[in-house]
Amino acid sequence: MRKILIVEEDVLIREKLSNLLRDEGYYVIAVKDRNVAINCLERESIEIMIIAEKIIQENGFELLSVAKQRLSNIVIIAFGENENAYQVRGLLAKGIYEYLSHPLTPSRILSSIKRAEEKITLLEENKDLKRRIDYRYSFAGITGVSEKMQKVFSLILQVSQIKRPILLMGESGTGKEMIARAIHKYAFPDERGFYKILCSNLPPGALKEKIFYRDID
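Laid out in structure tokens, this is it:
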């Protein structure tokens, strides 16, 4: 069920749109001004926003900016009485997906919503495809398509959840540092620093302290 936000000052138009879309099975939130709309965008996963052009113009496109920053896949439909093609193109350039001029007939509204849904579906599919491609071909900077490499990627994810010192063993040039960096990246998504220590430069006994800290004998 798509979640739709309606932003319109006129209570009659707001109720007309709300009732129409609810009857079609959509989850609808209807508000009357920018401030309430911004609060709603921060709390709810809105997928489609239908907004009166008057509200956009009065608030200098701030609401559009908040919507796009908060919800990258949101589709915005504006409506109003503007018949100036140049001004309408200006709205579209600001991130409006579609502009509907009055009168707002049920068929036009629902057709616009259907097109918005198609766009959302396409965005979701593209995002999922990119995620799968990134996972399969470039995992934390490590490239590989073979079944063995997919197993390595899976193991990295598992090991990264273990908040304990990890020992990687292998011959020189086999990619131990790359694996270590990948584990670190997924263990600490907050981008905590990765520090490389050259063990041959450490004094006797210091390696154990560096790796296991002072609380482990």
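Numbering (our numbering), first residue to last: 5 to 221.
Where is the CB? At the ideal position from N, CA and C, for every residue including glycine.
In this text the structure is predicted, and so the values were computed from the model without any measurement.
Classify Met-53: buried if its beta carbon has 16 or more other beta carbons within 10 angstroms, exposed otherwise.
Burial check for Met-53: the Cβ neighbour count within 10 Å reaches 16 or more, so the residue is buried.
Tell me Ile-80's beta-bridge partners as DSSP assigns them.
Ile-80 pairs with Met-53.
Rounding to the nearest angstrom, what Cα-Cα distance links Leu-75 and Tyr-101 in this structure?
One C-alpha to the other measures close to 14 Å.
Counting C-beta neighbours from all protein chains within 10 Å, is the total for Glu-129 16 or more, i.e. buried, or is it exposed?
exposed
Beta strand (DSSP E) containing Ile-42: first to last residue?
Note, Ile-42: premise wrong, no beta strand (DSSP E); alpha helix (DSSP H) at 38-47.
Best match in Val-35, Ile-201, Ile-59 and Asn-63 for proximity to Ile-50 [C-alpha to C-alpha]:
Val-35
Answer yes or no: do Arg-38 and Asn-77 have a C-beta to C-beta separation smaller than 8 Å?
no
Secondary structure at Tyr-31, three-state DSSP: helix, strand or coil?
strand
Would Val-11 be called buried (16 or more neighbouring beta carbons within 10 Å of its own) or exposed?
buried
What are the boundary residues of the alpha helix (DSSP H) that includes Lys-200?
It is not in any alpha helix (DSSP H) - Lys-200 carries neither H nor E in the DSSP assignment.
If I measure Cβ to Cβ from Asp-4 and keep anything under 8 Å in the same chain, skipping five residues before and after, which residues do I get?
Lying before the first or after the last residue shown, residue 4 is absent from the chain, which here runs from 5 to 221.
Tell me where the beta strand (DSSP E) around Pro-190 begins and ends.
One detail in the question is off: residue 190 reads as Tyr in this sequence, not Pro. That residue, Tyr-190, is in no beta strand (DSSP E); its alpha helix (DSSP H) goes 180-191.
Backbone secondary structure at Glu-102 - three-state DSSP
Correct three-state label for Glu-102: strand.
By DSSP's criteria, Val-11 is part of a beta bridge. Which residues make up the other side?
Val-35 and Ile-55
Whole angstroms is fine: what's the gap from Ala-210's alpha carbon to Ile-201's?
11 Å
Which residues in the same chain as Leu-24 place their Cβ atom closer than 6 Å to its Cβ, once the five residues preceding and following it in sequence are excluded?
Pro-110
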